[in-house]
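Q: Chains as they are written, first to last, in UniProt numbering: chain A, 1 to 506; chain B, 1 to 332.
Backbone N, C-alpha and C fix where the C-beta goes; we use that ideal spot for every residue, glycine too.
Got a structure here, written out as structure tokens. Questions coming.
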Amino acid sequence: MSHTELIAQHGSPSAPQIEVRGVSKVYGPTTVLDDVNLTISPGEIHAILGENGAGKSTLLKVIGGAITATSGSLLLDGEPVTLGSPRDAIRHGITLISQELAVIPQRSVMENVMLGRWSHRAGFAHLAADRVRFDDLLDRTGFTLDPDATVGELPLGIQQQVEILKALARGARVLCMDEPTAALNDVEKELLLRVVREIADRGTTIIIVSHFLEEVLGLADRVTVLRDGKLIETNEASAYTPASIVSLMVGREVDPIDQPPAEVSPLAQTVVDVERLETRHVHDISFALREGEIVGLAGLVGSGRSDVLLGLLGAEPRRAGTIRIRGAEVKENSVSSAIASGMALVPESRKDQALLLGRSVTENVALGTLAQRSFGGWVRRRVERAEVSRVSADVDLRGVGPDTLTVDLSGGNQQKALFARWLLHPPALLMVDEPTRGVDVAAKARIHSLIRDLAARGTAVLVVSSELDEVIRLSHRVLVMRHGRIVDEFDRSARPSDILTSAFTK
Amino acid sequence: MTTLITPTNESSSGPWGVKRLQAKFRDFGIVFGLLAIVLGLSVSTTTFLTPGNLINLVDQATVVGLLAVGATLCIISGVFDLSATATLAVSAITGIWISQTFGFAAGFIGAIVAGVLLGTITGLIIVSTKINSFIGTLAISIIYRGLAIVLTAGAIVSPPAEIAESFRFFAERGPFGLTWASILFGVTVVVLGLMLSQTTYGRRIYAVGGNAEAARLSGIRTGAVRVGVFAISGACSALAGLVLISRAGSAQPGMATGLELTAIAAVVIGGTSIMGGQGAVWRAFVGVMILTVIANGFNLLQWDTTYQQVVTGALILIAIAADSLFFKKRNS
Ligand SMILES: Nc1ncnc2c1ncn2[C@@H]1O[C@H](COP(=O)(O)OP(=O)(O)OP(=O)(O)O)[C@@H](O)[C@H]1O
Ligand SMILES: [Mg+2]
């Protein structure tokens, strides 16, 4: 019987102590991890913090067996181990949960949890036995999950629980979670944090990467700060404040003052005018944005915020309604005509909806506005390089050259590259869906100020974010959505609690 | 180390340019493969490295080569065109048929127009019905072959005797003793290679194949891009058909059957990713040359040609494995 099966069957042998000893990871000329030494005790919640590209994900992947270190070693309970693959790591009770969930959306919760570990009798599925094991897992974690629900139809926060259960079903005693809350709304976030605390209290070690400093300081027992691949400090979480963490991360004092958006001039003209827009998911959407105006869309997940953006862009077929950009009606119902008329979207999922992972940063940034830098269909590469490098500097894209493949960028830098795409040639209406997902505190402030700068230069901006705080800080006005309709409007002096109440109950 | 993005990246690859060298090797490894085979044959035979043999070699590569160039564009944009050689047959037959009434020039142009039209129709069907292109073009190829039989009543068709000589043009010698077919192939590789790597249309092809949803949300008309690719593939098929006519002096409904698969094999061996979004036209050239040189080698060394198939199959497997390994490493 294998080790995993032993663990899976006998419930809870204690989690191993993990020791990272002198680990370095080098890609070509870049040192991504530089002699990292770290000990993580059984059952603790250990947060790894740092700027975008600091090496957090890389460290997590080394511990989770997804990549092997260039030098250094990993010890479990004092025994050196070689983790050549995630499978190896799982065999030792370590599971890596990356931000892109690995669930099978078409199948049920139980099938996903038991994936590859189905009970069977002579090769035939034995559902009743699976059910018993599933209920046992629910008992151990305190989750409430419907085993028969289709995973793809569940909110992201719940899918994350499925992924955690799946790991535990494989006997995981150590969970490495890379930005687990990045894609969650405030309510889901809170739930996940509770869940994480719960399973840690029952003896599972949690190693977590996050850019939400407050929440992570509230959750973690100990904290490690990385900067440029070097371990700067490991200490009790209670020894830090968000501000002190930021200065450790960045290596200098920063003041995170967020400017309010510039006043919209009374002379500003209407940029976009939407009347009774109707798509499969949203109904009777009407609003107007003026030059320089930033409007936030708030609401729960599934309330139709992203669908409004997709509807405007023509990505979801428009069933009724009119859209005017600077007075001219957008007649054709297609993305290319919407973009030609002056709209642009930074979509929610950079991997699925936005990036060509196998292509260079330059190609990705240039993709949205190819025609602007071409001559008779020929790409003017010099101009392209110069302009892409200009906007890359504007968004503070780090650790990459123009030919770096996009897959090799850290998550936060991918997001910055995506944002850079529309800075090349600012549109009349910029729609941003989760503009700062996965970016660090400093970069977030930078993206916020870029959005404000764009607005100051006349672009109208529509912002969707699951962080209510972000929506309020950025916007002049906030529209609240529920069940595919706009139900309320607030100005920026509104209290978050009022907006939340409206989103939930109106 | 954090380097800001800079217009010249020489500095960011370090003093030894290790990363760049590695990247170059990954990119051009297949060229070394071809050179190694060429070198091996040059040493082990006296006949390989003769002008006559080399000229012959390129000429033999042209038909599959032209098809492979078309297939490259299709595969990079994320579709397969299994109807390529059926299109070849119909356009070759159409060309001859037109030439019987209107002469050589009209027939020649007619063949190319037919290829482009058939390619466009294939593209429109695949794009508008959203069927999987592999199955879709397989079905369409059966229809086109049927059409070819209807057009010819199943017989072999030839151009009228007085212009038969004009149709032999591609088999004749041009500069450097190369056949005009070889020159046509070379020009096609260069033109379509430039189109893919230097134009906005080329960028769109990569985008559509690399991530169709991302391309769409960036304002690219993904359907139009793919129809265009099928049309170009149709043109390549028609050119290959004209080369075949120049050799056989005739066309028939079953001509070139199966070569579409050889072409796809060549594309893959050259290193274009079967998953789309990755690859280059010159890779098709290298892939086809590898297949042709191996065939030539078996011939010159008088090895049993049945093993040639084993070698070819193994090469395809190795190429695909290398491709998916690359992706696995990248995405880990
Ligand atoms: N396969 C690779 N080849 C080259 N460089 C890489 C590769 N993978 C990661 N890097 C580089 O290593 C650095 C650290 O990446 P990592 O993903 O660990 O950052 P991170 O701390 O998780 O950042 P983020 O907060 O943005 O997710 C980045 O500069 C990234 O570009
Ligand atoms: Mg990361």
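Quick one: grab the DSSP three-state call for B:Phe-169.
A: helix
Q: Hey, would you say B:Thr-62 sits closer than 7 Å to B:Ala-248, going by beta carbons?
A: no
Q: Report all residues from its chain with a CB closer than 8 Å to the CB of A:Pro-317; omit the five preceding and five following residues, and keep chain order.
A: Thr-279, Arg-280 and Asn-333
Q: Whole-angstrom Cβ separation of A:Val-432 and A:Val-388, contact assumed at under 8 Å?
A: So it is not a contact: roughly 20 Å between Cβ atoms.
Q: Quick check: what's the CA-CA separation for B:Gly-154 versus B:Val-90?
A: 12 Å
Q: Quick one: which chain B residues come within Cβ less than 9 Å of A:Ala-354?
A: Asn-211, Glu-213, Ala-214, Leu-217 and Ser-218
Q: Can you name the start and end residues of the beta strand (DSSP E) that A:Arg-485 belongs to?
A: 485-491
Q: So, helix, strand or coil for B:Ile-142, using DSSP?
A: helix
Q: So, is B:Asn-132 buried or exposed, given that buried needs 16 or more other C-beta atoms within 10 angstroms?
A: exposed
Q: From which residue to which residue does the beta strand (DSSP E) around A:Leu-33 run?
A: 30-40
Q: Residue range of the beta strand (DSSP E) that A:Tyr-27 falls in?
A: 18-27
Q: Sorted by chain position, which residues of the same chain lie with C-beta nearer than 8 Å to B:Ser-44's C-beta, five sequence neighbours on each side aside?
A: Leu-301
Q: Of all Cβ atoms in chain B, is any one closer than 7 Å to the Cβ of A:Ile-94?
A: So, not an interface residue.
Q: Secondary structure at A:Glu-190, three-state DSSP: helix, strand or coil?
A: helix
Q: When every heavy atom of ligand 2 is checked, does at least one fall within less than 6 Å of the C-beta of A:Ser-24?
A: Incorrect: A:Ser-24 has no Cβ contact closer than 6 Å to ligand 2.
Q: Once you ignore the five residues that flank A:Arg-495 on each side, which residues in its own chain have a CB closer than 6 Å to its CB?
A: none
Q: Identify every residue that forms a DSSP beta bridge with A:Arg-324.
A: A:Asp-273 and A:Glu-329
Q: Who are the near neighbours of A:Lys-230 in its chain, counting only those whose CB is closer than 6 Å to its CB and skipping five residues on each side?
A: Asp-34
Q: Taking only three categories from DSSP, how would you classify A:Leu-60?
A: The answer is helix: DSSP assigns A:Leu-60 an H, G or I state.
Q: State buried or exposed for B:Leu-260, treating a residue as buried only when at least 16 other CB atoms are found within 10 Å of its CB.
A: Contrary to the premise, residue 260 of chain B reads as Glu rather than Leu in this sequence. B:Glu-260 comes out buried.
Q: Tell me whether A:Ala-125 sits in a helix, a strand or coil according to DSSP, three-state version.
A: strand
Q: Does chain A have any CB closer than 7 Å to the CB of B:Arg-203?
A: yes
Q: Check the Cβ-Cβ distances between B:Thr-199 and every residue of chain A, and say whether any is below 7 Å.
A: yes
Q: Assuming A:Glu-51 is part of the alpha helix (DSSP H), what are its boundary residues?
A: Taken as a continuous stretch (DSSP letters only), A:Glu-51 belongs to no alpha helix (DSSP H), as it is neither H nor E.
Q: Less than 7 Å between the beta carbons of B:Ala-263 and B:Val-64, yes or no?
A: Contact flag set, yes.
Q: Establish whether the CB of A:Ser-24 and some CB of chain B are separated by less than 7 Å.
A: no
Q: Within 7 Å of any Cβ in chain B, is that where the Cβ of A:Ala-8 sits?
A: Caution applies to A:Ala-8, whose pLDDT of 43 falls short of 50 and renders its modelled position unreliable; the model cannot decide the point.
Q: Please list the partners that A:Ser-374 has in chain B, where partner means a Cβ-to-Cβ separation under 7 Å.
A: Against chain B, a Cβ distance below 7 Å from A:Ser-374 picks out Thr-200.
Q: Leaving out five residues on either side along the sequence, give the residues of the same chain with a beta carbon under 6 Å from the beta carbon of A:Ala-129.
A: So the qualifying residues of the chain are Ser-119.
Q: Among residues of its own chain, excluding the 5 on either side of A:Glu-434, which ones have a beta-carbon nearer than 7 Å to its beta-carbon?
A: Glu-348, Val-464, Ser-465 and Ser-466
Q: Just to check my reading of the structure: A:Thr-362 and A:Glu-384 have Cβ atoms closer than 8 Å, yes? What is that Cβ distance to the nearest angstrom?
A: For A:Thr-362 against A:Glu-384, the beta-carbon gap comes to about 7 Å, under 8 Å, which counts as contact.
Q: Name the chain A residues that come within less than 8 Å of B:Gly-277, Cβ to Cβ?
A: What B:Gly-277 touches in chain A, judged by beta-carbon distance under 8 Å, is Leu-356, Gly-358 and Arg-359, going in chain order.
Q: Need the endpoints of the alpha helix (DSSP H) that B:Ala-98 sits in, please.
A: Residue identity differs from the one stated: residue 98 of chain B is Ile in this sequence, not Ala. Start and end: 84-102.
Q: DSSP has A:Ala-298 in a bridge; who is on the other side?
A: A:Val-480
Q: At which residues does the alpha helix (DSSP H) containing B:Phe-285 begin and terminate?
A: 281-300
Q: Could you tell me the boundaries of the alpha helix (DSSP H) in which A:Pro-347 lies?
A: Neither: A:Pro-347 is in no alpha helix (DSSP H) and is coded neither H nor E.
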